[in-house]
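See below for the structure under consideration.
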Amino acid sequence: MSADFLKLAVPGVQQLAPYVPGKPIAELERELGIREAIKLASNENPLGPSERVLAAVADAQSELTRYPDGNGFSLKRALATQHNVDPAQITLGNGSNDVLEMIARAYLRPGTSAVFSQYAFAVYPLATQAVGADAVVVPARQWGHDLEAMLAAIRSDTRVVFIANPNNPTGTSFGKAEWEAFITQVPADVLVVLDEAYIEYNEQAEALDGSAYLGRYPNLVLTRTFSKAYGLAALRVGYSLSQPVIADVLNRVRQPFNVNSLALVAAEAALADQAYLERSRALNAEGMQQLQQGCQTLGVNWIPSAGNFLTLLFDTATHPDAAMINAALLQRGVIVRPLAGYGMSQALRVSIGLPAENARFLEALAAVLA
Ligand SMILES: *Cc1c(COP(=O)(O)O)cnc(C)c1O
Numbered sequence: 044m045s046a047d048f049l050k051l052a053v054p055g056v057q058q059l060a061p062y063v064p065g066k067p068i069a070e071l072e073r074e075l076g077i078r079e080a081i082k083l084a085s086n087e088n089p090l091g092p093s094e095r096v097l098a099a100v101a102d103a104q105s106e107l108t109r110y111p112d113g114n115g116f117s118l119k120r121a122l123a124t125q126h127n128v129d130p131a132q133i134t135l136g137n138g139s140n141d142v143l144e145m146i147a148r149a150y151l152r153p154g155t156s157a158v159f160s161q162y163a164f165a166v167y168p169l170a171t172q173a174v175g176a177d178a179v180v181v182p183a184r185q186w187g188h189d190l191e192a193m194l195a196a197i198r199s200d201t202r203v204v205f206i207a208n209p210n211n212p213t214g215t216s217f218g219k220a221e222w223e224a225f226i227t228q229v230p231a232d233v234l235v236v237l238d239e240a241y242i243e244y245n246e247q248a249e250a251l252d253g254s255a256y257l258g259r260y261p262n263l264v265l266t267r268t269f270s271k272a273y274g275l276a277a278l279r280v281g282y283s284l285s286q287p288v289i290a291d292v293l294n295r296v297r298q299p300f301n302v303n304s305l306a307l308v309a310a311e312a313a314l315a316d317q318a319y320l321e322r323s324r325a326l327n328a329e330g331m332q333q334l335q336q337g338c339q340t341l342g343v344n345w346i347p348s349a350g351n352f353l354t355l356l357f358d359t360a361t362h363p364d365a366a367m368i369n370a371a372l373l374q375r376g377v378i379v380r381p382l383a384g385y386g387m388s389q390a391l392r393v394s395i396g397l398p399a400e401n402a403r404f405l406e407a408l409a410a411v412l413a
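Numbering (my numbering), first residue to last: 44 to 413.
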């Protein structure tokens, strides 16, 4: 008889429920025997990769037999220039998800805790639990992070606070005043991880850029990604900015070649392609309007969003429940993101797509609600 290899896993891992990603297009098409499904479920850039990225990746193919540059010298140099930091402050990750895991591995263990908000990005509870640390989940305020309450929730065993601004899956964001009231009060030995995966889309007047605070707060770690506005979700590349000693610690738990060669050259090309970034932002702003107008017409409410997605709130008194709406959208070849796993069973998150994709989503939603 086989031993019970679930019971033999470390306690944190036994309790984990795996991350549930957006459904892949090919999978839905296979299941339903349909074609031309659209996916507005994972906050990907609907523009497709930039021409400059495609050219850089094509050029790098001849190097596929070589290991990548494990230190990512060239990409780090470009990022250092962009952010006006020293390359020693940068940690590259196989997606920023990888960096979040490195932080958990390096700074959390049983007997310590991480603080994060209700409805915060799902990777924070996963990374915290996997290493056996306690999760201190702070109730959200109007779907967003309540920084004052998060500050008050910091315990003597707290080593890390995870914050996403803008947050996924709610799209909520906070500005400089709230942030400063928070960061100035956090104990100096607690790491503040500010996840800025959607910062390129944030057009709020008082939009916060955490990089302005790196010099003043040695406990601050920013994470950024190439998966969203830079359009490179498939390649998996992200990074953190911190003071050098934190980057040095993360480097000790980092896999030696965690970012592959194609990702390294693609990220560097993407960083240089500001025109692509501008097009992405403009398309997003336009699509956000289109979705909001459409939802208003349909009498569907949403959470105001600073990201590249919109979280719709269905009123249980007048609408079918969100799981049923989601199933009916799938039948029509439209993939969005159900949020029951976040405790938001009345909500669906829709990524902003191309105008025709947004229109198709709205048509499908209208048909489902009729
Ligand atoms: C998408 C996302 C990430 C990053 O994902 P990677 O693809 O691993 O870089 C990080 N944080 C939040 C809040 C996200 O939504």
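The C-beta atom is built at its ideal place from N, Cα and C for all residues, glycine as well.
Listed in chain order, the non-local C-beta contacts of residue 102 below 8 Å within the same chain comprise 308, local neighbours out to five positions each way being set aside. For residue 65, the closest of 91, 86, 55, 94 by C-alpha to C-alpha distance is 86. Distance from the C-beta of residue 240 to the nearest heavy atom of ligand 1 is below 7 Å. In this structure, residue 234 sits away from residue 128, with a CB-CB distance that is not shorter than 8 Å. Counting other Cβ atoms within 10 Å of its Cβ, residue 199 stays below 16 and is therefore classed as exposed. The residue from 355, 323, 320 with its alpha-carbon nearest to that of residue 336 is 355.
Here the C-alpha atom of residue 166 lies approximately 8 Å from the C-alpha atom of residue 62. Within 10 angstroms of the beta-carbon of residue 358 lie fewer than 16 other beta-carbons, which makes it exposed. Within the chosen limit of 7 Å, ligand 1 reaches the beta carbon of residue 271 through at least one heavy atom.
For residue 170, same chain residues with a beta-carbon under 6 Å away, outside a window of 5 residues either side, are 143, 144, 147 in chain order.
Proximity to residue 173 across 399, 317, 54 peaks at 54, based on C-alpha coordinates. Within the chosen limit of 7 Å, ligand 1 does not reach the beta carbon of residue 84 with any heavy atom. Residue 392: member of the beta strand (DSSP E) spanning 390-394, first to last residue. Contact between residue 155 and residue 176 holds: their C-beta atoms lie close to 5 Å from each other, under 8 Å. The stretch 272-335 is shown to contain whole alpha helix (DSSP H) runs of 4 or more residues at 287-296, 304-315, in chain order. If you keep only unbroken beta strand (DSSP E) runs of at least 3 residues inside the stretch 194-275, you get 201-207, 234-238, 263-268. For residue 159, there is no enclosing alpha helix (DSSP H); the residue is found in the beta strand (DSSP E) stretching over 156-160. The alpha carbon of residue 372 has as its nearest neighbour, out of 400, 407, 385, 394, the alpha carbon of 407. Of the candidates 68, 58, 46, 68 places its Cα closest to the Cα of residue 380. Our two residues, residue 365 and residue 215, have alpha carbons roughly 20 Å apart in a direct line.
Residue 115 has its Cβ no nearer than 7 Å to any heavy atom of ligand 1. Straight-line measurement puts the Cα of residue 385 at about 17 Å from the Cα of residue 348.
Annotated as distal: residue 275 and residue 111, with beta-carbon spacing of 8 Å or more.
In the three-state scheme derived from DSSP, where H, G and I count as helix and E and B as strand, residue 46 is classed as coil. When C-alpha distances from residue 394 are compared across 213, 97, 126, 311, the shortest belongs to 213. Annotated as proximal: residue 219 and residue 251, with beta-carbon spacing under 8 Å.
Separation of residue 284 and residue 411 (C-alpha to C-alpha, rounded to the nearest whole angstrom) is 45 Å.
Distance from residue 227 to residue 139 at the Cβ level is roughly 25 Å; contact not present, criterion being Cβ atoms closer than 8 Å. Unbroken beta strand (DSSP E) runs of no fewer than 3 residues, entirely contained in the stretch 120-183, are found at 133-136, 156-160, 177-181, following chain order.
Under a 10 Å Cβ-count criterion, residue 201 is classified as buried, with 16 or more other Cβ atoms of the shown protein chains found around its own Cβ. Assigned with DSSP and collapsed to three states, residue 355 falls in strand. When distances are taken from the beta-carbon of residue 313 to the heavy atoms of ligand 1, even the shortest one reaches 7 Å or more.
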